Amino acid sequence: MELSQLRMFKTVYELGSIARAAAKLHCVPSNITARLKSLEQELGVALFLREGRGLRISPAGEVFIEYATKILDLTEASRRAVAPGGAPHGRLRIGAIESSATGRLPQLLARYHALYPQVSLALSTGTWSQLLDDIQHHRLDAAIVAVDVQRPGLESTLLYSEDLVLIAPKSLGPVRAVTDLQGLTLFMWPTGCPYRLALEQWLSRHGQVASIVSIASYGTIIGCVSAGSGAALVPRGIYEQYRQGANWQGHEFAELTRIDNRFYWHANTGCHPARDAFSALLRDHCLLGSTSNEA
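At position 153 of the sequence shown the residue is numbered 135 (the working numbering), and the sequence of numbers has no breaks.
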């Protein structure tokens, strides 16, 4: 079994075609076909199911792709570990929940690209559970999520604690207590979102029941509140991002505790200069933002 065979297998899996894989790897299709057959013979299983002129990953291939990815990632990590100077370069795949991606990352991404142009940076958003799963399976190098959980093989560090702000139409007037939300529609991310859980717990503590509409987009949530349709509980980063010219106002409550946002990565990836540089820049950026908010 050779690394070149694993790269060919992974590329065919990702692109779904030997021809497209050959074009990306700058070799002829017949070479990939022969190398894959050799790999299958060594493993004693079919990695792909041939359907006419197409390919479909086999059950054995679905299992093997995880191991092949880990091997290739560890190979890349070993190269980075012994690279002279360890300067950030290569590929960096970062994940983030939407509140962080929208409220915290735009300026940071531009700054990172200016400092480390040799790094090919890709950002993806998703739910916290999806993002952590992607790190565990080496589909992401790191992610920012608003939960503190234990996952096998993952490590994390606290980045910042996010204040919560209730936003409501100006026509509603002052909102001094949770009871002022009685009869008002609330717009929040679907169940599983830590900010939604904070709202549900706040309502429950005061014996309040509210109609919560699930919307998986802060832009849409903000639009609904701006139209006067209801209220929402959002992290401060989102509040600051959209507050200019908004047809709503923010309300803060001391009993709404901050929500920690953490940076997760896979412990087995070892030295990763591009990821570590991103983490350091992100930490400095969040620290400056926190100081600014307190001022």
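All C-beta atoms, glycine included, are put in the ideal place defined by N, C-alpha and C. Note that the coordinates shown come from a computational prediction; the quantities given were computed from them, not determined experimentally.
Leaving aside the five residues that flank R257 on each side, the residues in its chain whose CB is nearer than 7 Å to its CB run, in chain order, L74, D123, A124, W247. Note that the C-beta distance between R86 and D145 is not below 9 Å. By the CB criterion at 9 Å, A180 and L141 fall outside the cutoff. In terms of CA proximity to S143, F245 leads the group F245, L(-15), G(-2). Secondary structure remark: continuous alpha helix (DSSP H) runs of at least 4 residues inside the region 6 to 53, in chain order: 11 to 25. S106 carries a strand assignment under DSSP once its states are collapsed to helix, strand and coil. A residue is called buried once 16 or more other Cβ atoms fall within 10 Å of its Cβ, and G43 is buried on that count. Taken through DSSP and simplified to helix, strand or coil, R240 comes out as coil. Check the Cα spacing between V101 and each of L114, Q118, R62, S111: the tightest is with R62.
Bounds of any alpha helix (DSSP H) do not take in H119, whose DSSP letter is neither H nor E. Using a 10 angstroms sphere on the CB of P255, the tally of other CB atoms reaches 16 or more, which defines it as buried.
Unbroken alpha helix (DSSP H) stretches of 4 residues or longer found wholly inside the region 76 to 101: 80 to 85, 88 to 97, given in chain order.
From the listed residues I149, G165, I197, S106, the smallest Cα separation to Q231 is found for I149. Closest option to L(-15), judged by alpha-carbon separation, among A1, A5, K52, I220: K52. The shortest C-alpha to C-alpha distance from Y177 to any of V129, G108, L113, P11 is the one to V129.
The residue from V127, G77, C253 with its alpha-carbon nearest to that of G174 is V127. Sorting S153, A209, V147, G212 by C-alpha distance to the C-alpha of E237 places V147 at the top.
Taking the CA atoms as reference points, T251 sits about 6 Å from L56. Assignment of F235 by DSSP, reduced to helix, strand and coil, places it in the coil class.
Take the alpha-carbon of P151 and the one of P88: they are about 27 Å apart. Taking C-beta separations shorter than 6 Å and ignoring five residues to either side along the sequence, the partners of L31 in its chain run R38, S40, following chain order.
With respect to the C-alpha of H119, the residue from A262, I47, W184, R35 having the closest C-alpha is I47. In terms of Cα proximity to H188, the closest of Q164, S211, V207, M170 is Q164.
Taken atom to atom, the span from the alpha-carbon of I220 to that of T167 is near 19 Å.
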